[in-house]
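Residue numbers (our numbering), protein chains in the order written: chain A, 5 to 334; chain B, 5 to 334.
Below you'll find the structure, written out as structure tokens, and then a few comments.
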């Protein structure tokens, strides 16, 4: 690629008027059952922004919903669980995922996209900790009290839960790659709530297993979380090819923590984009400078696009990244 | 002191049954007008836990409420502002604080406590960024969109706002010290939402001014925020005698970032205390080990006590810290 590639987490979604026009009311899990619609939503930001990758329009709880755990995604709230995971007996509610039977529409969406896109399609899955946090808390959480209590007081059940969720993630990712996804991102969005010792002991092994089992797939594996500044070396150690970095950690600092191996992805503060083009351009140039060159850097925001973002800002931002980094190459 | 001192952020409050018994309904700002009551609430955790310091029962928005900005604290929500700060004209709504006239009950509470306590009393103020975030957003926020937009698009007004808030904080802190507080903590609870460049440019100068103006007071100055792993060196650079560290950053890592000067305060994950005594004891020992000895460490949680915490756990935790660190001294 003649420039630093750029895409945006949550590039498909509420900041786009064409998305709001298309999107019916109700749960995303219902939308996903319509492959033509999900594919169109995935394509919208590629057309408008000229980003260098598409990311499948889906949700990290889709697989656990598909095995019948009783999860839905309430608009404006997030994942909501009817009967949260509370003890060992709930493991039986998490059977193996059979993607072809349980959510055949996902592979169908990927196939449509693989035929239409001329940029890579990124598939994804939720990391075991982050999915577990929804299943245990029953809804989005601030303090993760139940999750941490389960982990610390019943480690056997906790590890069994994460193991189940890792298997489900691997099955889902393999199906996406088989259908045509050419990279995968594992979202451990909320792992940053853990101190590093606790992360290493109770979370890292299951995440590492996903990355290891996907190593043979031949596609780049991205691992991302928010507030994970102290976990970046562990993310690299877990086997990520690309480590996602939120906006709190300058990329030069992140590079020292992950070492020379993995690429870095990030890390413009999405709130800066809401403030308008002037601040966005200024901070984007700082991010590019901290990335230290075009090699080993995928430009992205430090978290998902905020609904309040003006799409025109994100469009100009793609141009800026391409222009600045093409210049750097000459 | 023959051991590592320990106190807990939000040690006075909803986790204590004697607090719930005493606390009338409604805003904390109303309670603060009753010095005997505020003093009693401040004393409760000292009696029950045997902590090595009291922290004044108050709220970081009390001073801006007292100058008439139109702020209240809604139970279960947090600070709520009637007419949020939105542009330069709102600066006129933030006149100088005259503690003796505007909130005389605070000094009165401190005087009562100074007479009753045989441990130090910590006074406190909100740091300019964190108070500004409430004034601008109008309520607790997740993304700080309005705050960041004001900062980035109207820096002159932003700096004037932070300057006003720094003056108010200094006036409030001086009054507390004059009345008998023997240390001060500056809460920049939400500064961790900023990338380090933005923090240094738009926030650090006003915080540094508070610390500088309080240097002559002769009391230790603690600076604390959540998710501030990448800002710890700046917190030291701003002039803090003690740098508060949340649970995400191991204290040995924090020590490398702040250098040898300041003491460190922290940093047990408050959610671990909710999980019970076993996990609490184990993680507390890890925190003490990472602190690397009794010198230059004030044991605390990494953020405030959660309402769900069993007070018996916090009581045993004081004993554990005292016992482990007395042993270490021999």
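Every residue, glycine too, gets a C-beta built ideally from N, C-alpha and C.
Report the CB separation of residue i from residue j in whole angstroms; it is logged as a contact under 8 Å.
i: residue 242 of chain A; j: residue 211 of chain A; result: 5 Å
i: residue 225 of chain B; j: residue 215 of chain B; result: 5 Å
i: residue 280 of chain B; j: residue 304 of chain B; result: About 19 Å separates the two Cβ atoms, so there is no contact after all.
i: residue 307 of chain A; j: residue 250 of chain A; result: 6 Å
i: residue 267 of chain B; j: residue 291 of chain B; result: That belief does not hold up - the Cβ atoms of residue 267 of chain B and residue 291 of chain B are roughly 14 Å apart, past 8 Å.
i: residue 195 of chain B; j: residue 232 of chain B; result: 6 Å
i: residue 200 of chain B; j: residue 234 of chain B; result: 5 Å
Rounding to the nearest angstrom, what Cα-Cα distance links residue i and residue j in this structure?
i: residue 24 of chain A; j: residue 32 of chain B; result: 42 Å
i: residue 10 of chain A; j: residue 98 of chain A; result: 36 Å
i: residue 143 of chain A; j: residue 150 of chain A; result: 11 Å
i: residue 27 of chain A; j: residue 47 of chain A; result: 14 Å
i: residue 148 of chain A; j: residue 14 of chain B; result: 19 Å
i: residue 117 of chain B; j: residue 169 of chain A; result: 53 Å
i: residue 153 of chain B; j: residue 135 of chain B; result: 16 Å
i: residue 309 of chain B; j: residue 274 of chain B; result: 6 Å
i: residue 334 of chain A; j: residue 259 of chain A; result: Confidence in residue 334 of chain A is poor, its pLDDT being 43 and thus under 50, which makes the residue's placement too unreliable to answer from.
i: residue 178 of chain B; j: residue 119 of chain B; result: 18 Å
i: residue 1 of chain B; j: residue 325 of chain B; result: A query on residue 1 of chain B cannot be resolved here, the shown segment of chain B reaching from 5 to 334 and no further.
i: residue 160 of chain A; j: residue 228 of chain A; result: 26 Å
i: residue 122 of chain B; j: residue 208 of chain B; result: 34 Å
i: residue 302 of chain A; j: residue 287 of chain B; result: 37 Å
i: residue 202 of chain B; j: residue 104 of chain A; result: 48 Å
i: residue 190 of chain A; j: residue 64 of chain A; result: 9 Å
i: residue 71 of chain B; j: residue 158 of chain B; result: 24 Å
i: residue 93 of chain B; j: residue 162 of chain B; result: 12 Å
i: residue 289 of chain A; j: residue 5 of chain A; result: 19 Å
i: residue 314 of chain B; j: residue 328 of chain B; result: 22 Å
i: residue 220 of chain B; j: residue 100 of chain B; result: 20 Å
i: residue 96 of chain A; j: residue 139 of chain B; result: 49 Å
i: residue 213 of chain B; j: residue 174 of chain B; result: 9 Å
i: residue 312 of chain A; j: residue 7 of chain A; result: 28 Å
i: residue 276 of chain B; j: residue 331 of chain A; result: 50 Å
i: residue 244 of chain A; j: residue 222 of chain A; result: 13 Å
i: residue 45 of chain B; j: residue 278 of chain B; result: 22 Å
i: residue 38 of chain A; j: residue 76 of chain A; result: 17 Å
i: residue 167 of chain B; j: residue 84 of chain B; result: 22 Å
i: residue 22 of chain B; j: residue 29 of chain B; result: 14 Å
i: residue 40 of chain A; j: residue 137 of chain B; result: 43 Å
Comparing alpha-carbon positions, which option in the options lies nearest residue i?
i: residue 113 of chain A; options: A/234, A/182, A/75, A/71; result: A/182
i: residue 88 of chain A; options: A/145, A/105, A/220, A/28; result: A/145
i: residue 192 of chain A; options: A/148, A/209, A/133, A/59; result: A/133
i: residue 298 of chain A; options: A/255, A/174, A/276; result: A/255
i: residue 20 of chain A; options: A/321, A/328, A/329, A/316; result: A/316
i: residue 172 of chain A; options: A/188, A/39, A/67, A/92; result: A/67
i: residue 69 of chain A; options: A/86, A/81, A/272, A/213; result: A/86
i: residue 107 of chain B; options: B/51, B/180, B/45, B/94; result: B/180
i: residue 265 of chain A; options: A/218, A/300, A/52; result: A/300
i: residue 141 of chain A; options: A/30, A/295, A/82; result: A/82
i: residue 79 of chain A; options: A/39, A/17, A/111, A/45; result: A/17
Against residue i, what residues of chain B qualify as contacts under a CB-to-CB distance less than 7 Å, listed in chain order?
i: residue 276 of chain A; result: 152, 156
i: residue 300 of chain A; result: Ordered by position in chain B, no residue passes the 7 Å Cβ test against residue 300 of chain A, which lies about 20 Å from the chain.
Cβ closer than 9 Å: which chain A residues qualify as neighbours of residue i?
i: residue 196 of chain B; result: 231, 252
i: residue 1 of chain B; result: There is no way to answer for residue 1 of chain B, as the model of chain B reaches only from 5 to 334.
i: residue 280 of chain B; result: 153, 156, 157
i: residue 144 of chain B; result: Near residue 144 of chain B there are no residues of chain A at all, since even the closest Cβ is about 10 Å away, more than 9 Å.
Do residue i and residue j have their C-beta atoms closer together than 8 Å?
i: residue 58 of chain A; j: residue 125 of chain A; result: yes
i: residue 262 of chain B; j: residue 293 of chain B; result: no
i: residue 12 of chain A; j: residue 42 of chain A; result: no
i: residue 90 of chain A; j: residue 129 of chain A; result: no
i: residue 36 of chain A; j: residue 109 of chain A; result: yes
i: residue 322 of chain A; j: residue 55 of chain A; result: yes
i: residue 185 of chain A; j: residue 248 of chain A; result: no
i: residue 253 of chain A; j: residue 236 of chain A; result: yes
i: residue 52 of chain B; j: residue 319 of chain B; result: yes
Kindly list, in the order they appear in chain A, the residues whose Cβ is closer than 7 Å to that of residue i.
i: residue 290 of chain B; result: 201
i: residue 312 of chain B; result: 149
i: residue 6 of chain B; result: Chain A residues near residue 6 of chain B: none, gap ~28 Å exceeds 7 Å.
Find the residues of chain B that neighbour residue i, judging by a C-beta separation of less than 8 Å, and give them in chain order.
i: residue 2 of chain A; result: Given that chain A is displayed from residue 5 to residue 334, the structure contains no residue 2 of chain A and the question cannot be resolved.
i: residue 82 of chain A; result: Near residue 82 of chain A there are no residues of chain B at all, since even the closest Cβ is about 12 Å away, more than 8 Å.
Could you work out which residues of chain B lie near residue i, taking near to mean beta carbons separated by less than 9 Å?
i: residue 141 of chain A; result: Simply none; closest approach about 12 Å.
i: residue 257 of chain A; result: 200, 234
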